[in-house]
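The next block holds one structure in the form of structure tokens; read it before the comments.
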Amino acid sequence: MSSPTPTPDPGPGGSGDTGGPAPAPPAPTTATGSPVSGQPTPEPEATAAVQTALRTEHAAVWSYGLIAAFLPASLDPRAKEDLAAHRARRDATMRLLADSGVPSVAAEPAYRTPNPVTDQESAMRLAVAAEADSAAAWEAVLGSCDDQGLRHAALDGLSDAAVRGGRWSEQLGESPPVPPFPGHT
Amino acid sequence: MLLGLLGVGAAGPAAALLSGCGSGEPDPLVALIKRARRDAALVDAILATRPVGAALAGRLGPVAEARRQHAGALTAVLGDSAPSPKETAPAADTNPPSEDTDGALSRVRAALDEGRKQAAALVLSVPRAQAGLVGSIAACCGAYRALLE
Numbered sequence: 001m002s003s004p005t006p007t008p009d010p011g012p013g014g015s016g017d018t019g020g021p022a023p024a025p026p027a028p029t030t031a032t033g034s035p036v037s038g039q040p041t042p043e044p045e046a047t048a049a050v051q052t053a054l055r056t057e058h059a060a061v062w063s064y065g066l067i068a069a070f071l072p073a074s075l076d077p078r079a080k081e082d083l084a085a086h087r088a089r090r091d092a093t094m095r096l097l098a099d100s101g102v103p104s105v106a107a108e109p110a111y112r113t114p115n116p117v118t119d120q121e122s123a124m125r126l127a128v129a130a131e132a133d134s135a136a137a138w139e140a141v142l143g144s145c146d147d148q149g150l151r152h153a154a155l156d157g158l159s160d161a162a163v164r165g166g167r168w169s170e171q172l173g174e175s176p177p178v179p180p181f182p183g184h185t
Numbered sequence: 001m002l003l004g005l006l007g008v009g010a011a012g013p014a015a016a017l018l019s020g021c022g023s024g025e026p027d028p029l030v031a032l033i034k035r036a037r038r039d040a041a042l043v044d045a046i047l048a049t050r051p052v053g054a055a056l057a058g059r060l061g062p063v064a065e066a067r068r069q070h071a072g073a074l075t076a077v078l079g080d081s082a083p084s085p086k087e088t089a090p091a092a093d094t095n096p097p098s099e100d101t102d103g104a105l106s107r108v109r110a111a112l113d114e115g116r117k118q119a120a121a122l123v124l125s126v127p128r129a130q131a132g133l134v135g136s137i138a139a140c141c142g143a144y145r146a147l148l149e
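Sequences listed follow chains A and B, in order. So in this note's numbering, the last one in the first sequence is 185, and the numbering has no gaps at all. So in this note's numbering, the last one in the second sequence is 149, and the numbering has no gaps at all.
In structure tokens:
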């Protein structure tokens, strides 16, 4: 999949190299200090994977705001539905982290899209890219943990992204509309 | 506390997997391979039926290809433990259905539902190294199921 995440946009005052890759985000924050006796310790690998998934949900919420501006009225309900789904998953993911005592990564003020969004087609391609990134991030969560509850949540994130991405791809007339292994490389 | 799993949480699935080793029980991925091959054969049979197959080629062709790729990837994971294609030859009940497009689509939807459920159930217990692949297969089946609505 060649669908880079909409990356944080450093903005006009940002540190420079707009032609290169976006600056690496700060390392995922994990709980600090010694675990309280009897309290589970957040697993660094799973925590990092969930934070990455949360970043893609933040990016998707931002992206659908942009996407909606370029869609005809007939596709507006779908964009609204997808935006609502990403907001719900973002919020659920933040609760999940909070329940483990881990601060959530915040949304960026703006993101740089993989390609300019100027019309309906490029808007739908951004939706496909955002869903592919979300799918990949949740797929990575699956391989980062053993807990069934977290795997269940990750599978939901992966599956829902695959459905939404498939619908936008189908709308674009792409074949296959669904990759054989969504999110998996 | 889903992120806080050490020790106890991780021991469950690992212990279950270890107990399966050497006991002669087939790897749980074998069932996934069999179903994926069966689904590909089912869709191929539908596509070979005229005129239904011609009408559905655009929508179902990618489904057959995806299920073939699922079987291939799982077979690669299992290596010598994978079932031979002969073992998973389609049963007689997958004879080409002589029905209309609605009936054919209904059969594929049901197959994808089962494929998604099977992989989704297994994703909870497979080793980490397999969880992404199995989950991705579940997601693919679910997405095609949704598109065939």
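All C-beta atoms, glycine included, are put in the ideal place defined by N, C-alpha and C.
Pair within 9 Å by beta-carbon distance, residue i and residue j
i	j	result
Ala-71 of chain B	Ala-110 of chain B	no
Val-117 of chain A	Leu-172 of chain A	no
Ala-59 of chain A	Asp-133 of chain A	yes
Arg-167 of chain A	Ala-146 of chain B	yes
Glu-139 of chain A	Ser-136 of chain B	yes
Ser-64 of chain A	Ala-130 of chain A	Looking at the sequence shown, residue 64 of chain A is not Ser but Tyr. In this structure, Ala-130 of chain A lies closer than 9 Å to Tyr-64 of chain A by Cβ.
Arg-38 of chain B	Thr-88 of chain B	yes
Ser-175 of chain A	Gly-142 of chain B	no
Ala-137 of chain A	Gly-157 of chain A	yes
Leu-78 of chain B	Asp-44 of chain B	no
Phe-181 of chain A	Leu-133 of chain B	yes
Leu-32 of chain B	Leu-122 of chain B	yes
Ala-154 of chain A	Ala-92 of chain A	no
Ala-79 of chain A	Leu-71 of chain A	yes
Val-126 of chain B	Ser-81 of chain B	no
Arg-89 of chain A	Ala-131 of chain B	no
Ala-120 of chain B	Ser-159 of chain A	yes
Glu-45 of chain A	His-86 of chain A	no
Selected residue, minimal CA-CA separation from residue i, among the options
i	options	result
Ala-41 of chain B	B:Arg-68, B:Ser-84 and B:Ala-73	B:Arg-68
Tyr-144 of chain B	A:Glu-139, A:Val-163 and A:Ala-140	A:Val-163
Gly-103 of chain B	B:Pro-28, B:Val-30, B:Lys-34 and B:Glu-149	B:Glu-149
Trp-107 of chain A	A:Gly-165, A:Glu-121 and A:Trp-62	According to the sequence as given, residue 107 of chain A is Ala; it is not Trp. Considering only alpha carbons, the answer is A:Trp-62.
Thr-191 of chain A	A:Arg-89, A:Ala-98 and A:Glu-57	Nothing can be reported for residue 191 of chain A, as the shown portion of chain A is limited to 1 through 185.
Lys-34 of chain B	B:Val-126, B:Arg-128 and B:Ala-73	B:Ala-73
Glu-43 of chain A	A:Ser-159, A:Val-141 and A:Gly-183	A:Val-141
Val-108 of chain B	B:Ala-48, B:Val-52, B:Ala-82 and B:Val-63	B:Val-63
Gly-165 of chain A	A:Thr-185, A:Met-94 and A:Arg-125	A:Arg-125
Ser-122 of chain A	A:Arg-55, A:Asp-9 and A:Ala-69	A:Ala-69
Gly-115 of chain B	B:Gly-53, B:Gly-24 and B:Ala-66	B:Ala-66
Leu-112 of chain B	B:Pro-51, B:Glu-25, B:Leu-47 and B:Leu-60	B:Leu-60
Leu-75 of chain A	A:Gly-183, A:Pro-177, A:Val-178 and A:Glu-170	A:Glu-170
Thr-101 of chain B	B:Gly-53, B:Glu-25, B:Gln-118 and B:Gly-24	B:Gly-53
Gly-101 of chain A	A:Glu-57, A:His-86 and A:Gln-51	A:Gln-51
Ala-135 of chain A	A:Leu-96, A:Thr-185 and A:Glu-45	A:Thr-185
Arg-55 of chain A	A:Asp-119, A:Pro-179 and A:Pro-103	A:Pro-103
Arg-50 of chain B	B:Glu-99, B:Pro-83 and B:Pro-85	B:Glu-99
Gln-120 of chain A	A:Glu-81, A:Ala-73 and A:Pro-8	A:Ala-73
According to DSSP, residues forming a beta bridge with residue i
i	result
Arg-87 of chain A	DSSP output for Arg-87 of chain A lists no bridge partner at all.
Pro-200 of chain A	With chain A running from 1 to 185 in the structure shown, residue 200 of chain A is simply not present.
Exercise for the section: Starting from the N-terminal side, write out each stretch of the alpha helix (DSSP H) that is 4 residues or longer and does not extend beyond the region 25 to 68 of chain B. Expected result: Complete alpha helix (DSSP H) runs here, min 4: 29 to 47.
Exercise for the section: Indicate whether the contact test is met: 3 or more Cβ pairs, each with one atom in the region 137 to 146 of chain A and one in the region 106 to 122 of chain A, closer than 8 Å. Expected result: Result no; under three Cβ-Cβ pairs closer than 8 Å.
Handout entry: Secondary structure, alpha helix (DSSP H): runs of 4+ residues fully inside the region 145 to 184 of chain A
Key = Runs found: 148 to 171.
Practice task
Starting from the N-terminal side, write out each stretch of the beta strand (DSSP E) that is 3 residues or longer and does not extend beyond the region 45 to 76 of chain A.
Solution key: Complete beta strand (DSSP E) runs here, min 3: none at all.
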